[in-house]
Structures are given as structure tokens and as C-alpha cells.
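See below for the structure under consideration.
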Amino acid sequence: NAAFVDVGYEKDAFLHYLDLGPQVNSLNKYTKLVMQNKMNTPSLDNFNLEKDIHKDGKITQVLQSGMQVLVQIAKEPISTKGPRISSELSLAGRYIVLVPFSDKISVSQKVKKNEERTRLKRLLQSILPKNFGVIIRTVAENKSVADLHADLNDLVQKWNTLYANLRNKAVPPQKMLGEVDRTAAILRDLMNSSFSGIHVNDQKLFDDIKNFLHAKAPEQEKIVKLYKGNAPIFEHFGVEKQIKALFGKNVTMKSGAYLIIEHTEAMHVIDVNSGNRARSENSQETNALEVNLEAAAEVARQLRLRDMGGIIVVDFIDMHNPENRKQLYEKLRDEMKHDRAKHNILPPSKFGLIQITRQRVRPEMNIVTVEKCPSCGGAGEVQAPILVIDQMENDLRYILKEQNHKNVTLCVHPFIEAYLSKGFFSNIKKTWARKYGKFNLQPSNSVQFLEYHFLDKNEEELKL
Numbered sequence: 374n375a376a377f378v379d380v381g382y383e384k385d386a387f388l389h390y391l392d393l394g395p396q397v398n399s400l401n402k403y404t405k406l407v408m409q410n411k412m413n414t415p416s417l418d419n420f421n422l423e424k425d426i427h428k429d430g431k432i433t434q435v436l437q438s439g440m441q442v443l444v445q446i447a448k449e450p451i452s453t454k455g456p457r458i459s460s461e462l463s464l465a466g467r468y469i470v471l472v473p474f475s476d477k478i479s480v481s482q483k484v485k486k487n488e489e490r491t492r493l494k495r496l497l498q499s500i501l502p503k504n505f506g507v508i509i510r511t512v513a514e515n516k517s518v519a520d521l522h523a524d525l526n527d528l529v530q531k532w533n534t535l536y537a538n539l540r541n542k543a544v545p546p547q548k549m550l551g552e553v554d555r556t557a558a559i560l561r562d563l564m565n566s567s568f569s570g571i572h573v574n575d576q577k578l579f580d581d582i583k584n585f586l587h588a589k590a591p592e593q594e595k596i597v598k599l600y601k602g603n604a605p606i607f608e609h610f611g612v613e614k615q616i617k618a619l620f621g622k623n624v625t626m627k628s629g630a631y632l633i634i635e636h637t638e639a640m641h642v643i644d645v646n647s648g649n650r651a652r653s654e655n656s657q658e659t660n661a662l663e664v665n666l667e668a669a670a671e672v673a674r675q676l677r678l679r680d681m682g683g684i685i686v687v688d689f690i691d692m693h694n695p696e697n698r699k700q701l702y703e704k705l706r707d708e709m710k711h712d713r714a715k716h717n718i719l720p721p722s723k724f725g726l727i728q729i730t731r732q733r734v735r736p737e738m739n740i741v742t743v744e745k746c747p748s749c750g751g752a753g754e755v756q757a758p759i760l761v762i763d764q765m766e767n768d769l770r771y772i773l774k775e776q777n778h779k780n781v782t783l784c785v786h787p788f789i790e791a792y793l794s795k796g797f798f799s800n801i802k803k804t805w806a807r808k809y810g811k812f813n814l815q816p817s818n819s820v821q822f823l824e825y826h827f828l829d830k831n832e833e834e835l836k837l
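If you number the sequence shown the way my numbering does, the last residue is 837 and the count never jumps.
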């Protein structure tokens, strides 16, 4: 019960009957009248709405082959699939979402106080144009009528732009109205009073953000700062390092436990491993619970960072105690509350698997975090150098502090030895020695560029 629509993309877009929206006949009527120059105003005040379509109807009762329709992209093309589209148009602002051909006023469920919900509804009822509905967003809570009115006027102006484009240049397939630029969209959807600084390295973008905040949130205009440092902005703020650490196949957590994230066409799979850092004084069940709780927080974070959608299966470490399994489930649900995407979490199966479904709107974020190995002419791939030093320090701390080994030698490539020893007072080797204890640093040409080994006093390799 669906149609394929040519929207100018290499693959036709998919339009299901349930995505038409109840007022699709009104939209199609409006589109036709505007394109034929039979409607002289974008206003819907004098527009007669058509009857809502039946929820169990057939798409052939609404659309015919060759028909020109106005649609909105609901989901970007992913893998082999084209875009998914909807005829239920909506225009998103900072505080509200405007819905043409509707009269419903809805308030975000995250606005809990009944008095505030009633205030917002009454306020919008008093200023909303005829035949427009609205969804009131969470950030509208406690906002003044002036703020909401300004946002509404911006959205009505967008509707007017859509009308003008439809009237003047509608040769399908043609984009009639685009999303605001990415920066404005991020600020509109994510920014709140907790933001303490926005750092920008481009003068034009800096001016654009200042203007946007001046109009939408003038009290936060002062937090925008133009970065003029010599180092790249991502490097200066430590973002580059975090990106490399967070988007690889392996994600290491503070305790030394780690996640392995794999992607297939059908689903994403995340495996939780305790590594070799389990506390010997704890029971196996306690260790498993500690690692699983830490992993639950990291899994929720990774889903948001990578924008992973569809089906996600997480293989946690097996636990036999039902109370522990329940605690893990509650922890994961609690961590996922911060996620703006719609999601559903099933309780752990008897095999320790937890299934998550998460709304997928665009392809997941994928950043390549391996680099060509200089030692083998590019035949293999290794971990990014920016992470190797961190990993080396982590392993050194474990050997000296937790395993209490003495007379330890760190064997590295000569280039790495030079890097760790550079500087007389502030070199990395001396810093590590002060923090974790004495050790020897030994260069070796037989060691690959980013390879390292720990040796004991008998020059036997220490296993981590």
C-alpha cells in the first residue's frame, strides 16, 4: 500500500499510505491550485479543507501515476534504499513545529506541569493562523508570548516562501523549500541554557551564529567566541583525539574493559569485553556487573555519537543473578533517556543479549580511525598514532601500579623513543616515571613503528 515518487534522487523515494497524513487531499488540492495560479495568497484562512482520508484506505484512492505531489523527506537514503518521504508537512522552529492543514495543538510530553501545558496551549490558540496546527517543543517551557510569536512568524514566512516557489518555479522534481543550514539546525535542536561556550574558527560562521542567537536567544549571544589560535581548532580543544578514540571498531573504557562494534546490513552488533583488568578480590559475578554497568553508559553514548539506528544487539557479559540483570536493564534505560531519537529496549535474554531498536533518519556516522602503516608500505593498517601513546601509558600504569613489577623496560621504535625522551625537564618519560614509578626506555630497530613491548629484568616479555 505504497507509491514510489521521483524526487530527483538516483533512487525513487518511498511513500507509504500511513505516511500520507490524514490531510493529504487538502495538501494536493492546495498544491494544484497554487501551481495553476488559482490561489492568490499563501494564507489558509479562506481555504476549505478536504475530508481526512480513512486510516485503512488504499493509496490508489489518493494518488495516481504521473501526479505531481508536494512531499517532505522523512528519512535520508541509507545503503541500497532510497529516501523515505511523507505528505504530512511540518516546519520546525526553535520553540514550535508548524503543521499546515491541521487544527491540533500538541505539547511535548517532556513538559510535565499541567499549568504550563495549559498556558502554552492557550497562548498558541490565541496567535495561530487558521488551518494551521502546532507542536510545542520542550524548549518552549516558560517562554514568553513574544518569543513564541516571533518563532511562529518565522515559520509562517517559510510557508510563504514555499508558496512563492510553488507558484513560480514548480517543475518537478524540484526542491521547494530547504532546511536551514546545518549550524542553525544544530543550534535550534540542541542548544539550551546549559551551553557555556560556542567556539568558531570562521568569521562568517561566527557572524551567522551571533545573528541567529541575537534573534532566538539574545541572553546567550555572549557565549560565542571566535577562535584565532595557531593549532587547528579540533586539536586545540582535544576533539581530534576524542574522534579518533570514539569512532574505531574498539572502544576502550576507563576500567580497561572495551566494546567491539560491528556493522552489518541487517543490524549493528556490540560485544562487551572485560579485558584483563578484572579485580581479583571480587567474585566473577561482581566483576561482570561492574563492567556491564560501565558498558551500558558507553553503549548509550556510542549510539548517540554515531547516530546508529535500526536494530542494535548488545552482548553483555553473562550474569546469573536475576537482580543483577534487572539492574543492568534499568541502567541502560536510564542512560538512554538522554537520547532524542525514538528507541525501544528489550529486557536481557537468557543468553545475556539486549536488543535495542533506535530511530534511523540518516546513515550512521562513520569516521575512519585507522591509518596506513609506514612500516609495511601501506599493506596493513594500524591504530592511529594519537592513540598509541595513551594506550602505552595505560599499559605502563597497569604493569607498575597494579601488577607491581620492578625493573621494567619499555622497548619501542627509535622514533618513538626520541619522542618520549625529548625535552630535558618536561619529557614524557620523566612524567610517567614520576606518576607510576621508574622504568627503562630502550630503542630497537626490530620493533615496528607503533609497536611496543614491556620486558622484565630477564628480558622476558611481560604479558598484559
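Cβ atoms here follow ideal geometry from the backbone N, Cα and C, with glycine treated the same way.
Mind reading off the beta-carbon distance from residue i to residue j? Whole number of angstroms is fine, and I expect it under 8 Å.
i	j	result
residue 724	residue 769	Residue 724 to residue 769, Cβ: 37 Å. No contact.
residue 648	residue 631	6 Å
residue 455	residue 386	5 Å
residue 613	residue 620	With 8 Å as the limit, residue 613 and residue 620 do not qualify as a contact, their Cβ atoms being about 11 Å apart.
residue 597	residue 571	5 Å
residue 673	residue 709	5 Å
residue 857	residue 457	Outside the shown range of the chain (374 to 837) lies residue 857, about which nothing can therefore be said.
Taking Cβ to Cβ, would you say residue i is nearer than 8 Å to residue j?
i	j	result
residue 494	residue 469	no
residue 825	residue 760	no
residue 540	residue 401	no
residue 827	residue 781	yes
residue 475	residue 430	no
residue 502	residue 422	no
residue 720	residue 533	no
residue 790	residue 816	yes
residue 462	residue 445	yes
residue 623	residue 658	no
residue 706	residue 718	yes
residue 529	residue 496	no
residue 549	residue 443	yes
residue 690	residue 665	yes
residue 374	residue 432	yes
residue 450	residue 384	yes
residue 508	residue 525	no
residue 803	residue 814	no
residue 779	residue 809	no
residue 846	residue 757	The shown model of the chain, from 374 to 837, leaves out residue 846, and the question about it has no answer.
Cα separation between residue i and residue j?
i	j	result
residue 662	residue 727	15 Å
residue 551	residue 670	36 Å
residue 646	residue 700	19 Å
residue 567	residue 593	10 Å
residue 765	residue 644	23 Å
residue 712	residue 676	9 Å
residue 538	residue 668	50 Å
residue 800	residue 788	14 Å
residue 420	residue 407	12 Å
residue 794	residue 805	11 Å
residue 838	residue 452	Outside the shown range of the chain (374 to 837) lies residue 838, about which nothing can therefore be said.
residue 832	residue 615	35 Å
residue 560	residue 579	13 Å
residue 605	residue 786	28 Å
residue 440	residue 704	50 Å
residue 564	residue 576	21 Å
residue 681	residue 836	35 Å
residue 638	residue 730	15 Å
residue 321	residue 425	Missing from the structure shown is residue 321; the chain here goes from 374 to 837 and no further.
residue 376	residue 535	24 Å
residue 692	residue 792	44 Å
residue 696	residue 702	10 Å
residue 460	residue 399	11 Å
residue 818	residue 467	59 Å
residue 772	residue 602	38 Å
residue 382	residue 492	43 Å
Check your understanding: Does the pairing of the region 428 to 444 with the region 379 to 395 give three or more beta-carbon distances under 8 Å?
Key -> By the C-beta criterion, the region 428 to 444 is judged to be in contact with the region 379 to 395, since at least 3 inter-stretch pairs fall below 8 Å.
Review point. Whole alpha helix (DSSP H) runs in the region 568 to 652 with 4 or more residues, listed along the chain?
Key: Runs found: 576 to 589, 606 to 609, 612 to 619.
Check your understanding: Is the region 635 to 643 in contact with the region 575 to 589, if contact means three or more CB pairs nearer than 8 Å?
Key -> Touching, no.
Review point. Is the number of C-beta pairs between the region 511 to 518 and the region 481 to 488 that are closer than 8 Å three or more?
Key: Enough Cβ pairs lie closer than 8 Å, so yes.
**Study point:** Length-filtered (4 minimum) alpha helix (DSSP H) runs lying within the region 760 to 814
**Key:** With a minimum length of 4 residues, the continuous alpha helix (DSSP H) runs that stay inside the region 760 to 814 are 787 to 794, 801 to 809.
Review point. Taking the runs of the beta strand (DSSP E) that are 3 residues or longer, which of them lie wholly in the region 443 to 502?
Key: Here the runs fully enclosed are 445 to 448, 457 to 459, 469 to 473, 478 to 480.
Point to revise | alpha helix (DSSP H) segments (min. 4 residues) lying fully within the region 683 to 731 | key: As far as the region 683 to 731 is concerned, its whole alpha helix (DSSP H) runs of at least 4 residues are 695 to 709.
Review point. Could you give the uninterrupted runs of the alpha helix (DSSP H) lying entirely in the region 517 to 553, keeping only those of 4 residues or more?
Key: Runs of the alpha helix (DSSP H) inside the region 517 to 553: 518 to 541.
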